[in-house]
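Read top to bottom, the protein sequences are chains R and S.
Residue numbers are given in numbering that gives the first Met the number 0: position 7 of the first sequence equals residue 6, and the series is strictly consecutive.
Residue numbers are given in numbering that gives the first Met the number 0: position 87 of the second sequence equals residue 86, and the series is strictly consecutive.
Glycine included, C-beta positions come from ideal geometry on N, C-alpha and C.
Step one of this worksheet: look at the structure below.
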Amino acid sequence: MEIQTHSGNVFMNTTTMAYRNLLKTVHNPDQFMDVIVQPVMFMLMFGYLFGGAIAGGVHAYLPTIVPGILIQTMLSASSGSGSQIREDLDSGVFDRFKSLPMAHIAPLAGQLFGDILRLIIATITSLTTGYLMGWRPNVDFGWIIVIGLLAILTGWALSWLFALVGLLAKSAGAVQSFSLITMLVLSFMSNAFVPLKSLTKPLQVIAHLNPVTYVITAIRQILATGSWTHEALLVLGFDILIVAIFAPLTVWAYDRN
Amino acid sequence: MIYFVQGDLIKNKAQEGITMTTMKAIEVSHLTKKFGNKTVVDDISFEVQPGEVFGLLGPNGAGKTTTLRMITTLLKADAGQVKIFGHDTVKEGRLARSMFGLTGQYASVDEGLSARQNLMIFARLNGLSRQAAKQRTTELLTEFSLEHSADKALKNFSGGMRRRLDLAVSLITRPALIFLDEPTTGLDPRTRTQMWTTIRQLVQQGSTVVLTTQYLDEADALADRLAVIDHGKVVKMGTPAELKQQVGGTKLAFTVNEQTEVAAAVKLLAAQVSGAVQQTGQQLRVSLKQLAQLTPILTALTQAKIAISQLSVQEPSLDDVFMALTVGKN
Numbered sequence: 000m001e002i003q004t005h006s007g008n009v010f011m012n013t014t015t016m017a018y019r020n021l022l023k024t025v026h027n028p029d030q031f032m033d034v035i036v037q038p039v040m041f042m043l044m045f046g047y048l049f050g051g052a053i054a055g056g057v058h059a060y061l062p063t064i065v066p067g068i069l070i071q072t073m074l075s076a077s078s079g080s081g082s083q084i085r086e087d088l089d090s091g092v093f094d095r096f097k098s099l100p101m102a103h104i105a106p107l108a109g110q111l112f113g114d115i116l117r118l119i120i121a122t123i124t125s126l127t128t129g130y131l132m133g134w135r136p137n138v139d140f141g142w143i144i145v146i147g148l149l150a151i152l153t154g155w156a157l158s159w160l161f162a163l164v165g166l167l168a169k170s171a172g173a174v175q176s177f178s179l180i181t182m183l184v185l186s187f188m189s190n191a192f193v194p195l196k197s198l199t200k201p202l203q204v205i206a207h208l209n210p211v212t213y214v215i216t217a218i219r220q221i222l223a224t225g226s227w228t229h230e231a232l233l234v235l236g237f238d239i240l241i242v243a244i245f246a247p248l249t250v251w252a253y254d255r256n
Numbered sequence: 000m001i002y003f004v005q006g007d008l009i010k011n012k013a014q015e016g017i018t019m020t021t022m023k024a025i026e027v028s029h030l031t032k033k034f035g036n037k038t039v040v041d042d043i044s045f046e047v048q049p050g051e052v053f054g055l056l057g058p059n060g061a062g063k064t065t066t067l068r069m070i071t072t073l074l075k076a077d078a079g080q081v082k083i084f085g086h087d088t089v090k091e092g093r094l095a096r097s098m099f100g101l102t103g104q105y106a107s108v109d110e111g112l113s114a115r116q117n118l119m120i121f122a123r124l125n126g127l128s129r130q131a132a133k134q135r136t137t138e139l140l141t142e143f144s145l146e147h148s149a150d151k152a153l154k155n156f157s158g159g160m161r162r163r164l165d166l167a168v169s170l171i172t173r174p175a176l177i178f179l180d181e182p183t184t185g186l187d188p189r190t191r192t193q194m195w196t197t198i199r200q201l202v203q204q205g206s207t208v209v210l211t212t213q214y215l216d217e218a219d220a221l222a223d224r225l226a227v228i229d230h231g232k233v234v235k236m237g238t239p240a241e242l243k244q245q246v247g248g249t250k251l252a253f254t255v256n257e258q259t260e261v262a263a264a265v266k267l268l269a270a271q272v273s274g275a276v277q278q279t280g281q282q283l284r285v286s287l288k289q290l291a292q293l294t295p296i297l298t299a300l301t302q303a304k305i306a307i308s309q310l311s312v313q314e315p316s317l318d319d320v321f322m323a324l325t326v327g328k329n
């Protein structure tokens, strides 16, 4: 009996690997907890806790907090790529991937493309929660899709960065704590939850340097004006730049592993 | 049975490799690996013939797994060369990889998936079409008696089931060469025996098997040829029988009943065997070249009216080989 195989191509192998990651999440739905529970919880908590103090009411606070929570969720969703890769590398299954006659890059690529689903779920959850709390942006639905896509692209660009961290880190635990700290610092030291004007001068400087501020500003501008802005273009360019820099770096680190 | 697929270079070369009977299954030459300044694998060379079961035997930390990882392209060697069915594992890595299956020391299957999903995904990654993958998965599930738990999460699998699945995954492409890294470590005796049976079946079907083990009975039961590895070096190579022979053949031991007759018995033994007679109190021990030497010794003792008790004749075990050849803790 003969088994005939063909060498397989990068695309097919990557699809299979992405499918594998998807199946894993279906078997272990807690992996979706961070992209579902977290945005709902933060949106409710922050909205009802700080809404009155910051904007004089929950409803008035929603245009501020919805883009804020959206990007914060992208940050934590994308950090999942890093810990997942580390976990895979540390488990025996990776040895088998490496010993198969398949495209060498497929496990990494499969992870990163599979993670897009997490980002999509996170985006939909964040925006829906906002909607249920009374958020009604005064723009066409098309623009909601646009900001959703911009958020997903930003999250995806960041997942390359976190994947690199995952490849270089010693353990999945280390990746997780690094990601948590990064997520907290980047999201809170920005305009995600409070108006920049309310901050002290040094904090304003930091918030202005924080790329998260730009992403959130861009999204708020689109939602306020219903048009593509200069800021949005900047974010788009920045996302592409991150992928252009970190994708090759991540692949290099992966090869070295 | 033929599975449909775009046949291509890899397949053709693989067939070429297998049909050339003179070709070695594996040629390992001067393989060396250092971790820091510690040489873990030190200039190891050996060859494996097609169809044979080759065992790498050694204590924990001797370098067995490191050697295997280098042969299976999981680890880069610092020096040396490995050829699998004539193909260099560095220069023709992907081709070499398409010719073997590997079952690692720790079950290398996806914990988060079911047995069927594992087989399907690895079949697809091995390049089988969806149709062929499905068919092969069903076959393997039946062959390894996993069909009843095929769709359960692996979390609920016993150690034995996990190993069986692991082996099944390695056999998806029916590779001509199979690497098993400590295939029965941590298994209960029954599962272990089942595993041995499975390995023997593979050999009957014509596969070449390379296994590492720290169990001597396993090496004895399965391997045609062994390399005893200690401190990263091959200290001895040969069939289990040859290795046992080298350690000193059959051991005869008995106790002389009367203290006064011990000296006479030693003299008598020395005349019959070439090796030294070991004496512990009234107990005497000698090595026999052949079992046939036993009769003249017993006859001589009877004629000399020397009464003995607690007679024992022991075939050498690989335990003796192991103890004699390896230096304990690595």
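Would residue i be called buried (16 or more neighbouring beta carbons within 10 Å of its own) or exposed?
{"i": "R/THR24", "result": "buried"}
{"i": "S/THR196", "result": "exposed"}
{"i": "S/ASN59", "result": "exposed"}
{"i": "R/TRP134", "result": "buried"}
{"i": "S/LEU291", "result": "A small correction: the amino acid at residue 291 of chain S is Ala; Leu does not occupy that position in the sequence shown. That one is exposed."}
{"i": "R/PRO194", "result": "exposed"}
{"i": "S/LYS37", "result": "exposed"}
{"i": "R/ASP238", "result": "buried"}
{"i": "S/MET98", "result": "buried"}
{"i": "S/MET119", "result": "buried"}
{"i": "S/ARG352", "result": "In the structure as shown, chain S begins at 0 and stops at 329. Residue 352 of chain S is therefore absent and cannot be evaluated."}
{"i": "R/ILE84", "result": "buried"}
For residue i and residue j, I'd like the C-alpha separation in whole angstroms.
{"i": "S/TYR2", "j": "R/VAL9", "result": "Its pLDDT being 39, under 50, S/TYR2 is placed unreliably in this model, and the value from its coordinates should be taken loosely. Answer to the nearest angstrom: the Cα atoms are 22 angstroms apart."}
{"i": "S/LYS32", "j": "R/MET101", "result": "26 angstroms"}
{"i": "R/HIS103", "j": "R/VAL57", "result": "50 angstroms"}
{"i": "S/GLY92", "j": "S/THR72", "result": "7 angstroms"}
{"i": "S/THR211", "j": "S/LEU56", "result": "6 angstroms"}
{"i": "S/GLY231", "j": "S/LEU74", "result": "15 angstroms"}
{"i": "R/VAL250", "j": "R/GLY165", "result": "12 angstroms"}
{"i": "R/SER125", "j": "R/ALA243", "result": "28 angstroms"}
{"i": "R/THR212", "j": "S/THR141", "result": "57 angstroms"}
{"i": "S/ARG191", "j": "R/SER90", "result": "23 angstroms"}
{"i": "S/ALA76", "j": "S/ASP41", "result": "11 angstroms"}
{"i": "S/PHE156", "j": "R/LEU22", "result": "18 angstroms"}
{"i": "R/GLY113", "j": "R/GLN71", "result": "20 angstroms"}
{"i": "S/VAL52", "j": "S/LEU186", "result": "21 angstroms"}
{"i": "R/GLY141", "j": "R/ALA150", "result": "14 angstroms"}
Could you tell me whether the Cβ of residue i comes closer than 9 angstroms to any Cβ of chain R?
{"i": "S/SER107", "result": "yes"}
{"i": "S/ALA152", "result": "yes"}
{"i": "S/ASN155", "result": "no"}
{"i": "S/ILE307", "result": "no"}
{"i": "S/ASN125", "result": "yes"}
{"i": "S/GLY71", "result": "Before going on, a small fix: residue 71 of chain S reads as Thr here, not Gly. At least one chain R Cβ lies under 9 angstroms of S/THR71."}
{"i": "S/SER113", "result": "yes"}
{"i": "S/GLU348", "result": "Only positions 0 to 329 of chain S appear in this structure, which leaves residue 348 of chain S out of reach."}
{"i": "S/PHE120", "result": "Residue identity differs from the one stated: residue 120 of chain S is Ile in this sequence, not Phe. Yes, S/ILE120 counts as interfacial toward chain R."}
{"i": "S/ARG199", "result": "no"}
{"i": "S/SER316", "result": "no"}
{"i": "S/VAL335", "result": "This structure does not reach residue 335 of chain S, given that chain S is present from 0 up to 329, and the question cannot be answered."}
Strictly under 9 angstroms for the Cβ-Cβ distance: is residue i near chain S by that measure?
{"i": "R/VAL164", "result": "no"}
{"i": "R/LEU111", "result": "no"}
{"i": "R/THR63", "result": "no"}
{"i": "R/ARG95", "result": "yes"}
{"i": "R/VAL211", "result": "no"}
{"i": "R/PRO247", "result": "no"}
{"i": "R/ALA252", "result": "no"}
{"i": "R/ALA231", "result": "no"}
{"i": "R/MET11", "result": "yes"}
Check this for me: beta carbons of residue i and residue j, under 9 angstroms apart or not?
{"i": "S/GLY205", "j": "S/GLY50", "result": "yes"}
{"i": "S/LEU101", "j": "R/ASP87", "result": "no"}
{"i": "S/VAL208", "j": "S/ILE177", "result": "yes"}
{"i": "R/LEU157", "j": "R/SER98", "result": "no"}
{"i": "S/ILE296", "j": "S/VAL272", "result": "yes"}
{"i": "R/MET258", "j": "R/MET42", "result": "Any question about residue 258 of chain R goes unanswered here, given that chain R covers just 0 to 256."}
{"i": "S/GLN80", "j": "S/VAL47", "result": "no"}
{"i": "R/PHE31", "j": "R/ILE120", "result": "yes"}
{"i": "R/MET16", "j": "R/ALA162", "result": "no"}
{"i": "S/VAL312", "j": "S/LYS235", "result": "no"}
Of all Cβ atoms in chain A, is any one closer than 9 angstroms to the Cβ of residue i?
{"i": "R/LYS23", "result": "Reference to chain A is not applicable here, since the protein chains of this structure are R and S."}
| task | Scan the stretch 10–66 of chain R and note each continuous alpha helix (DSSP H) run of 4 residues or more that stays entirely inside, going in chain order. | result | 32–54
| said: What ranges does the beta strand (DSSP E) occupy inside the stretch 113–194 of chain S, keeping only unbroken runs of at least 3 residues that lie completely in it? | reply: 176–180
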